[in-house]
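Step one of this worksheet: look at the structure below.
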Amino acid sequence: MKSLLKIYGRYIGSTWVILAILCMVNFSVLAWITLDRVIHYEHEFPKDFRKMAELLVERDSENELFLTQQGKDFLEEKGYAFLMLLNDAGDVIFAWNLPKDLKDHYTAGEISAFSRWYLSDYPVKVWKTREGLLVAGGQKNSLWKFTLELPMGFMEHIGQYLYIIAGANLMIILSVIGFLGYRYYKSLFPLSEGIEALSRNQRIHLAEKGAAGELAGRINRTSDILERQRQMIQKRDMARTEWIAGISHDIRTPLSVIMGYADELMENENLEESDRIRAGVIRNQSIKIRQLIEDLNLTSKLEYNMQPLRVTSFYPAALLRTLAAEFINEGLDGQWEVSLAIEPELEGTILKGDEELIKRAVRNLLSNSTRHNADGCSIWLRGEIRENSCVIKVSDDGIGIPDKVVRCLLEEDGDTLDEKKPHIMGLRIVKQIAKAHKGDFQISEKGHCVNISFPIT
Amino acid sequence: MKHIYESTLLLVDDNRELREMVVGILHREGFSNIDTASCVREAEGYFRHREPDMIILDINLPDGDGFSLMQKIRTVSNVPVLFLSARDEDSDRLLGLGLGADDYMVKPFLPKELTLRISAILKRTYLSPNRESCQEEKLDLGPCSVDFKSGTVRWGQGRWRESAQGGGESKPEIPLTAKELLILRKLSENRGNIVTFDQLCQAVWEDNYFGYENTIMVHIRRLREKIEENPSKPKYLLTVRGLGYKLVKE
Chain A
1 MKSLLKIYGR YIGSTWVILA ILCMVNFSVL AWITLDRVIH YEHEFPKDFR
51 KMAELLVERD SENELFLTQQ GKDFLEEKGY AFLMLLNDAG DVIFAWNLPK
101 DLKDHYTAGE ISAFSRWYLS DYPVKVWKTR EGLLVAGGQK NSLWKFTLEL
151 PMGFMEHIGQ YLYIIAGANL MIILSVIGFL GYRYYKSLFP LSEGIEALSR
201 NQRIHLAEKG AAGELAGRIN RTSDILERQR QMIQKRDMAR TEWIAGISHD
251 IRTPLSVIMG YADELMENEN LEESDRIRAG VIRNQSIKIR QLIEDLNLTS
301 KLEYNMQPLR VTSFYPAALL RTLAAEFINE GLDGQWEVSL AIEPELEGTI
351 LKGDEELIKR AVRNLLSNST RHNADGCSIW LRGEIRENSC VIKVSDDGIG
401 IPDKVVRCLL EEDGDTLDEK KPHIMGLRIV KQIAKAHKGD FQISEKGHCV
451 NISFPIT
Chain B
1 MKHIYESTLL LVDDNRELRE MVVGILHREG FSNIDTASCV REAEGYFRHR
51 EPDMIILDIN LPDGDGFSLM QKIRTVSNVP VLFLSARDED SDRLLGLGLG
101 ADDYMVKPFL PKELTLRISA ILKRTYLSPN RESCQEEKLD LGPCSVDFKS
151 GTVRWGQGRW RESAQGGGES KPEIPLTAKE LLILRKLSEN RGNIVTFDQL
201 CQAVWEDNYF GYENTIMVHI RRLREKIEEN PSKPKYLLTV RGLGYKLVKE
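Just so you know, the sequences run in chain order A and B. FYI, UniProt numbering numbers position 283 of the first sequence as 283, with every residue one higher than the one before it. FYI, UniProt numbering numbers position 144 of the second sequence as 144, with every residue one higher than the one before it.
Here it is, written out as structure tokens:
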């Protein structure tokens, strides 16, 4: 929406600029032409009829009127048809090339008429000289004459009127531009909304009509393609999760048999001690496989949101005490010393979430500490409240989580497993459990501390 | 039935190797009457002739599923059932237990866990007239012992601390309050393990247990006065700082 408004704004802006440039160019061209004409006119001036009038007809030594050579050249050059001179009584006292159809006497009324218009269709020019009224006729149909008469008041305000007219024109042009732009904006508006919805991964269907109908159709088809792909991916994800669930189901029965017999051999006192130890290894490795398939199953379900959260209300402080007690009860605190610290504010705080999954996350973190620090280490389990979230911190003074794993965990955004990536199922599950609760997962203290937080609603 | 090992067990599972392995485990544990069936049809045929004391039932069977088999069995018998399945979904557990199964175990399992669970179900069903009494009746704490039935602490003659209860008179039997009994019961069930404040509070006050921590401390102090020779230096009922309490194994 915003982008479309921006486009509209730019369109209006650029139209203004174009209009301004156009006006300036027009004005400049007009100014140049006018200026040029004025200069040109100035240049031509001496040859003009009015200035030449006194020089056309002169009296010779016998006091006879004659056409001067200069006058003749001028009339011929300018293409005049005839020339005559009238005295004050209206008689023709001198003529050059006078057409036959013209009279040799004119009344004052006739003179006043042709002085402004035509004499028998000849456009004429009239000038008062000292000898009389000089009348020069141009060729028929060579000149269009128009007399302009305007009230003085109007001529005094003509500048203002011009401004008003120009301003009104400008306003009309701008409102037409604005209106057309708005129509354009209106027709593109649903398209813009549709594209925005597409970018939010929503399915859309736009009305395919109007100027933008074809575009709307294409966007609709794009949406359909995306929807189909989304469904295909979902189907594939589901198939993969089901496949993993199926495999982990199928492994369970044979693994039971292996674990059962290994356990039996381990307990069998008729066997050599070394064989019994080997049987114990088989049993313990089978337990690891069991854990791995359970993790694999859970991580694939969490990844594709197929693990429904069993949300209950519980006390996170009690949960942490239970886990710490469980850790100590398992007899693990000889080599690994666990300390529990719960902020007083967390006591009595109720958290809503899948208690078993959150326990699983903390157990994974604790077992990570013991698994990677076989020689023992100190482990701290802390419960805090930070910004309306319950934060559970598990840290140790062991070897810490390698940088590569930290980077991989924090960068990865729920995407596919890269073959080069380290295998980090346990920590991935912790992160997934935090995310499934809309919580946060962080690694600090150079890989020695994992924080998981769960929002308290 | 005098002893649980005399009971007849029916194992229904379609995997022959697993059946053989489980039968072996149960034999070694001391069970002698173990029958097997590989499918729903066989199990139904078995039921027409005799009724076992307990059934260990798989869910995925070649000609049906354990859930519907159990429903059919329930119409004619109340025999205890333990589901032993590779299906680990919560929904399957809930369905199984909801149908009235006594337990639900997911494969793969450790043999010891299976035999313990089977024994527990058999004891609960056949050896005790009610559920309460299947719990331990007595708790031995060195010089004294706790009798849960009568709710008293019994001290050996002459070993009763004279200072604690005043006077030189020996007092071999001290009554416990209901809450003290509940606390002690919870601790004795988990003897050797830490029981957190929260678990103790929950055992005594059930829901809404939060905030009773200090009350628990008071009860523990009184308990120590009754069961410890020197309550300020307890030997049996120990405090685990920040977590809870622990009843030490002898």
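Virtual Cβ for every residue (Gly too), placed ideally from N, Cα, C.
Which same chain residues, not among the five before or five after residue i, have their C-beta less than 8 Å away from its C-beta?
i	result
residue 8(A)	181, 182, 184, 185
residue 64(A)	none
residue 19(B)	11, 13, 36, 38
residue 190(A)	206, 207, 212, 216
Between which two residues does the alpha helix (DSSP H) containing residue i stretch?
i	result
residue 152(A)	152-156
residue 72(B)	66-76
residue 232(A)	213-267
residue 201(B)	197-205
residue 111(B)	111-122
residue 285(A)	273-303
Along chain A, which residues have their Cβ under 9 Å away from the Cβ of residue i?
i	result
residue 25(B)	260, 263, 264
residue 30(B)	Here the premise fails: no neighbours, minimum Cβ distance about 14 Å.
residue 242(B)	321, 324, 339, 340, 341, 342
residue 87(B)	249, 252
residue 234(B)	Correct list: empty, because the minimum Cβ distance to chain A is about 18 Å.
residue 143(B)	Correct list: empty, because the minimum Cβ distance to chain A is about 26 Å.
Just to check my reading of the structure: residue i and residue j have Cβ atoms closer than 8 Å, yes? What is that Cβ distance to the nearest angstrom?
i	j	result
residue 300(A)	residue 258(A)	Contact doesn't hold; Cβ gap of about 23 Å is too wide.
residue 243(B)	residue 177(B)	The Cβ separation is near 24 Å, so there is no contact.
residue 84(B)	residue 58(B)	6 Å
residue 217(A)	residue 316(A)	Between residue 316(A) and residue 217(A) the Cβ distance is about 54 Å, and since that is not below 8 Å, they are no contact.
residue 10(B)	residue 35(B)	5 Å
residue 223(B)	residue 183(B)	7 Å
residue 400(A)	residue 447(A)	4 Å
residue 434(A)	residue 361(A)	7 Å
residue 79(A)	residue 55(A)	The pair is not a contact, with the Cβ atoms about 18 Å apart (cut-off 8 Å).
residue 260(A)	residue 21(B)	4 Å
Under 7 Å Cβ-Cβ, which residues of chain B neighbour residue i?
i	result
residue 437(A)	Result: empty, since nearest Cβ-Cβ is about 17 Å, beyond 7 Å.
residue 329(A)	193, 194
residue 286(A)	108
residue 348(A)	210, 211
For the beta strand (DSSP E) containing residue i, list its first residue and its last residue.
i	result
residue 386(A)	378-386
residue 154(B)	152-155
residue 57(B)	54-57
residue 47(B)	No beta strand (DSSP E) contains residue 47(B), which is instead part of the alpha helix (DSSP H) from 40-49.
residue 83(B)	81-85
residue 123(A)	122-128
residue 28(B)	That residue, residue 28(B), is in no beta strand (DSSP E); its alpha helix (DSSP H) goes 16-29.
residue 327(A)	Unbroken run through residue 327(A) is the alpha helix (DSSP H), 316-329; no beta strand (DSSP E).
Identify, in the order they occur along the chain, each residue of the same chain with its Cβ nearer than 7 Å to the Cβ of residue i, setting aside the five sequence neighbours on each side.
i	result
residue 298(A)	307, 429
residue 363(A)	323
residue 431(A)	409, 441
residue 178(A)	12
residue 181(B)	148, 151
Could you check if residue i is buried or exposed, using at least 16 other CB atoms within 10 Å of its CB as the buried criterion?
i	result
residue 151(A)	exposed
residue 155(B)	buried
residue 80(B)	buried
residue 62(A)	exposed
residue 254(B)	Summary: the structure shown does not reach residue 254(B), with chain B confined to residues 1 through 250, and so no result is reported for it.
residue 241(B)	exposed
residue 116(B)	exposed
residue 310(A)	exposed
residue 97(A)	exposed
residue 98(B)	exposed
residue 237(B)	buried
Residues of chain B with CB under 8 Å from residue i, in chain order?
i	result
residue 322(A)	196, 198, 199
residue 257(A)	15, 17, 18, 21
residue 290(A)	108
residue 315(A)	198, 210
Taking C-beta pairs closer than 8 Å, name the residues in chain A that residue i reaches, listed in chain order.
i	result
residue 90(B)	310
Identify, in the order they occur along the chain, each residue of the same chain with its Cβ nearer than 6 Å to the Cβ of residue i, setting aside the five sequence neighbours on each side.
i	result
residue 179(B)	204, 219
residue 95(A)	84
residue 105(A)	90, 91
residue 106(B)	88
residue 414(A)	Legend: pLDDT at residue 414(A) = 49, less than 50; position of this residue unreliable, no value from coordinates given.
Taking only heavy atoms of the ligand FMN into account, decide whether any of them is closer than 6 Å to the Cβ of residue i.
i	result
residue 117(A)	Absent from the structure shown: the ligand FMN. Ligands present: none.
Mind pulling the chain B residues with CB within less than 9 Å of residue i?
i	result
residue 372(A)	Here the premise fails: no neighbours, minimum Cβ distance about 25 Å.
residue 318(A)	196, 197, 198, 199, 201, 202, 209, 210
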